[in-house]
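Note sheet for the following structure.
2 protein chains.
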Amino acid sequence: MHSAAIHLLRRLRKQDEAIGLTAARMSALSVVVFGGPVTIGRLAEAEQVSGPTITRLLAGMERDGLLKRARDAKDRRVIWITATPRGSRLLQEGRRRRVAALAGDLASLEPAELALLARAAELIESIARGRP
Amino acid sequence: MHSAAIHLLRRLRKQDEAIGLTAARMSALSVVVFGGPVTIGRLAEAEQVSGPTITRLLAGMERDGLLKRARDAKDRRVIWITATPRGSRLLQEGRRRRVAALAGDLASLEPAELALLARAAELIESIARGRP
DNA sequence: CATTACACTTAGCGTAGCTAACTAATAACT
DNA sequence: AGTTATTAGTTAGCTACGCTAAGTGTAATG
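Quick note, the sequences are listed as chains A and B, same order. Position 103 of the first sequence, counted from 1, bears residue number 649 in the working numbering, the numbering being contiguous throughout. Position 31 of the second sequence, counted from 1, bears residue number 577 in the working numbering, the numbering being contiguous throughout.
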């Protein structure tokens, strides 16, 4: 499973880079886009990454206009992250490209196999989070 | 699936580092240990990585005594990589630690779910290789 | 022989992960 | 009120892993 995960990511990396989205950015961006506004700390948790790492990631993405910050009005220590339209669009574009890249491969799968993969992704996700 | 792969790797990274094996090293080492002696070029292919990347990886692992090189007698351009006893032992130890780390999580899965994950790993692996 | 092809290495760059140490704002305790 | 502790994020500095371009040495080929 571990080996499969590594090899899958190495393959997808090439597609991501074509539009300037690395794997780490793609993952973080999807949390912001689909999970609504998030604080930086929560995002680090969701991504299972240290504070400094998420800071650098966000800095680059903000510089590239993918998201923006907003201080919380009540607690001025916290910062809320939201995706810009450009960020949302780029994420969708990235997903589209992946699908296109894998389309030929996935087309050769049977519906039952696709369902199996979807179910496996959920299981893996829950394992990665420590199955609370 | 992509997101799940990233999160799984980030979680396992911590276990690997506890014994000084990164994900990339673990993956390459397993090819060498289970796939017998391999040439450097074949290893780069198996790992879907560029030449320089595999060279640097091997350099570090050789320095740490995990594997050794041997020039081919007939074609002196090629180098055969084999794992040292220490390398083999460390890989096994790494796998053991992973299992231990996930044991609690996996224990809560049903046999059918485990089978599903095993099947999914095969599918993902074949997709990552481009389903020839 | 000279050239071309092949296997691997070196050099140099960018991204992503970390810990330790810092700033700034809020909360908590005399 | 005034000090102290806690919390949110950032800065500094390190390691590892991915790449391309260019270099070295060996083998194959005209």
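Using N, Cα and C, we set each Cβ at its ideal position, and we do this for glycine too.
Just to confirm the assignment, what range does the alpha helix (DSSP H) spanning residue i have?
i: K560 of chain A; result: H548 to A564
i: T601 of chain A; result: G597 to R609
i: G587 of chain B; result: I586 to E593
i: R622 of chain A; result: That residue, R622 of chain A, is in no alpha helix (DSSP H); it is neither H nor E in DSSP.
i: E656 of chain A; result: That residue, E656 of chain A, is in no alpha helix (DSSP H); it is neither H nor E in DSSP.
I'd like to check one pair, residue j with residue i: are the Cβ atoms closer than 7 Å?
i: Q594 of chain A; j: R556 of chain B; result: yes
i: G633 of chain A; j: L604 of chain A; result: no
i: A550 of chain B; j: I552 of chain A; result: no
i: P657 of chain A; j: T628 of chain A; result: no
i: A653 of chain B; j: A666 of chain A; result: no
i: I600 of chain A; j: A616 of chain A; result: no
i: W626 of chain A; j: T568 of chain A; result: no
i: L554 of chain A; j: A674 of chain B; result: yes
Taking 7 Å as the threshold (beta carbon to beta carbon), is residue i in contact with chain B?
i: A658 of chain A; result: no
i: R557 of chain A; result: yes
i: S596 of chain A; result: no
i: A649 of chain A; result: no
i: M607 of chain A; result: no
i: I552 of chain A; result: yes
Is there a Cβ of chain A sitting closer than 7 Å to that of residue i, yes or no?
i: D621 of chain B; result: no
i: I670 of chain B; result: yes
i: D562 of chain B; result: no
Could you spell out where the beta strand (DSSP E) holding residue i opens and where it closes?
i: A616 of chain A; result: L613 to R617
i: T568 of chain A; result: Unbroken run through T568 of chain A: none, as it is neither H nor E.
i: T630 of chain A; result: Segment: none, T630 of chain A is in no beta strand (DSSP E) and carries neither H nor E.
So is residue i buried or exposed if we call it buried at 16+ other beta carbons inside 10 Å?
i: I565 of chain B; result: exposed
i: L660 of chain B; result: exposed
i: R571 of chain B; result: buried
i: A646 of chain B; result: exposed
Report yes or no: do three or more beta-carbon pairs, one from the region 568-582 of chain B and one from the region 631-647 of chain B, lie closer than 8 Å?
Counting Cβ pairs under 8 Å, three or more are found: they touch.
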